């Protein structure tokens, strides 16, 4: 025992006590979260509004082409939405009810038909790169090929891309279907920097594709980008800001730590 140690520290009693308190606190938190899941599940099972929500989500393709309304009340699905709203059951319920209406309006056939986004697809600015090391769907967007169009059409295209990314995920390695996007800004000009589209994309991720975004890389941005970025960055929630990384082409170490070589710029 050193002069600075107490007898309880020397025998490890304080350490054990701290561990016990931490475990008890975690157990209490786990129980609280489990109660929230059960309470939210009951709202969807026992209310007309909740049952309608499940039907709308299934018809709108929320759970994939063969999905059913029962998937709404699965642990994984409810937990993902509860996490996004800090485990507030009533707020999460209202959010999901609104989301179901949006989903059915956006994709009444269960998916976004290619003909509805043909102009955007013909630009050939989006490239699906398969999955990364963690099973997350990876998409590269060549910003220099993007030009502002009707915002409604752009929102529909964002939904088309996000739905396809979710379906692409490796669900064994990535059961929550987290997504990674890389905006390749090489050679882009001011005309290609569409703040309205980016704002709406981040809004969709925060309201309709909650807890899907794992990382967003902004690769090789031009000098004109920084004024827009510095103005918009403070407006983003901290959790979103932390997921957005600016990548200098001289240092690809962070990018290559998660993105396979064939999916990263050279």
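Residue numbers (my numbering): 16 to 281.
We put the beta carbon where it would ideally sit given N, CA and C, even for glycine.
Computed from a predicted model, the values in this text were never measured in an experiment.
My output table needs one value for residue 234: the three-state DSSP class, helix, strand or coil.
Here residue 234 corresponds to residue number 219 of the chain shown, with the count starting at 1. Here residue 234 sits in strand by DSSP.
When you compare each of 110, 131, 190 to residue 223 by their alpha carbons, which one comes out closest?
For the purposes of this step, residue 223 is identified with residue 208 of the chain shown, where counting begins at 1. The option with the nearest alpha carbon to residue 223 is 110.
What does the alpha-carbon distance come out to for the pair residue 82 and residue 55?
Locating residue 82 in the chain shown gives position 67, counting from the first residue. Locating residue 55 in the chain shown gives position 40, counting from the first residue. Cα-Cα distance, rounded: 20 Å.
So, under 8 Å CB-CB, residue 171 and residue 132 are touching, yes? Tell me the CB distance rounded to an integer number of Å.
Translated into positions along the chain shown, residue 171 becomes position 156. Translated into positions along the chain shown, residue 132 becomes position 117. Correct: roughly 6 Å between the Cβ atoms.
Can you give, in chain order, each stretch of the alpha helix (DSSP H) that sits fully within the region 132-215 and has at least 4 residues?
Counting only runs of 4 or more, we get 133-137, 166-183.
With C-beta atoms as the reference, is residue 236 less than 8 Å away from residue 200?
Here residue 236 refers to the residue found at position 221 when the chain shown is read from its first residue. Here residue 200 refers to the residue found at position 185 when the chain shown is read from its first residue. Against a cut-off of 8 Å, the Cβ pair of residue 200 and residue 236 comes out as a contact.
Indicate the three-state DSSP secondary structure (helix, strand or coil) for residue 247 in the structure shown.
Here the question's residue 247 lines up with position 232 in the chain shown. Three-state result, residue 247: helix.
Indicate whether the contact test is met: 3 or more Cβ pairs, each with one atom in the region 146-161 and one in the region 179-189, closer than 8 Å.
Yes: the two stretches touch, three or more of their Cβ pairs being nearer than 8 Å.
Relative to the alpha-carbon of residue 88, which residue among 70, 100, 80, 75 has its alpha-carbon at the smallest distance?
Position 73 of the chain shown, counted from the start, is the residue given in the question as residue 88. The residue with the shortest Cα to Cα distance from residue 88 is 70.
For residue 74, collect the residues of the same chain with a Cβ closer than 8 Å to its Cβ; drop the 5 residues on either side in sequence, then sort them by chain order.
Your numbering for residue 74 matches position 59 in the chain shown. Closer than 8 Å at Cβ, skipping near neighbours: 119, 123, 125.
According to DSSP, residue 260 sits in a beta bridge with which residue or residues?
Locating residue 260 in the chain shown gives position 245, where the first residue counts as 1. According to DSSP, which records beta bridges pairwise, residue 260 is partnered with 232.
Are the region 258-277 and the region 211-231 touching by the rule of at least three beta carbon pairs closer than 8 Å?
The region 258-277, when compared against the region 211-231, does touch it at the 8 Å Cβ threshold.
Anyone know if the C-beta pair for residue 271 and residue 203 falls short of 8 Å?
Within the chain shown, numbered from 1, the residue matching residue 271 stands at position 256. Within the chain shown, numbered from 1, the residue matching residue 203 stands at position 188. It is not a contact, given that the beta carbons lie outside the stated cut-off.
Residue 220: which of 255, 263, 57, 206 sits nearest, CA to CA?
Here the question's residue 220 lines up with position 205 in the chain shown. Residue 220 has its Cα closest to that of 255, out of 255, 263, 57, 206.
Check whether the Cβ atoms of residue 217 and residue 251 lie closer than 8 Å to each other.
Here residue 217 refers to the residue found at position 202 when the chain shown is read from its first residue. Here residue 251 refers to the residue found at position 236 when the chain shown is read from its first residue. The answer is yes: Cβ separation under 8 Å.
Could you give the DSSP three-state label for residue 102: helix, strand or coil?
Position 87 of the chain shown, counted from the start, is the residue given in the question as residue 102. Residue 102 falls in the coil class under three-state DSSP.
I'd like to know whether the C-beta atoms of residue 205 and residue 239 end up nearer to each other than 8 Å.
The residue you call residue 205 lines up with position 190 of the chain shown. The residue you call residue 239 lines up with position 224 of the chain shown. Cβ distance < 8 Å, so residue 205 and residue 239 count as in contact.
Under three-state DSSP, which class holds residue 90?
Locating residue 90 in the chain shown gives position 75, where the first residue counts as 1. In the structure shown, residue 90 sits in a helix (DSSP, three-state: H, G or I).
Residue 227 by DSSP, collapsed to three states: which one?
If you number the chain shown from 1, residue 227 lands on position 212. Residue 227: coil per DSSP, three-state reduction.
With distances taken Cα to Cα, identify the nearest neighbour of residue 213 among 243, 76, 225.
Against the chain shown, residue 213 aligns to sequence position 198. When each option's Cα is compared against that of residue 213, the closest is 243.
Given a cut-off of 8 Å, decide if residue 99 and residue 226 are closer than it, judged by their beta-carbon atoms.
Along the chain shown, read from residue 1 onward, the residue named residue 226 stands at position 211. Along the chain shown, read from residue 1 onward, the residue named residue 99 stands at position 84. Yes, the pair counts as a contact, with Cβ atoms nearer than the cut-off.
Can you name the start and end residues of the alpha helix (DSSP H) that residue 74 belongs to?
Mapped onto the chain shown, residue 74 falls at position 59. Its alpha helix (DSSP H) spans residues 63-74.
Kindly indicate which residue of 166, 66, 107 has the alpha-carbon position closest to the one of residue 135.
For this step, residue 135 is matched to residue 120 along the chain shown. The candidate whose alpha carbon is nearest that of residue 135 is 166.
Closest by CA to residue 264, which one among 93, 234, 247?
For the purposes of this step, residue 264 is identified with residue 249 of the chain shown, where counting begins at 1. Ranking the options by Cα distance to residue 264, first place goes to 234.
Can you tell me whether residue 85 is buried or exposed, with buried defined as 16 or more other CB within 10 angstroms of its CB?
Numbered from 1 along the chain shown, position 70 holds the residue referred to as residue 85. With fewer than 16 Cβ atoms within 10 Å of its Cβ, residue 85 is classed as exposed.
Distance, Cα to Cα, residue 139 vs residue 128?
Mapped onto the chain shown, residue 139 falls at position 124. Mapped onto the chain shown, residue 128 falls at position 113. Between residue 139 and residue 128, the C-alpha separation is close to 17 Å.
Give a yes or no on whether the C-beta atoms belonging to residue 106 and residue 51 are separated by under 8 Å.
Counted from its first residue, the chain shown places residue 106 at position 91. Counted from its first residue, the chain shown places residue 51 at position 36. Cβ distance not < 8 Å, so residue 106 and residue 51 don't count as in contact.
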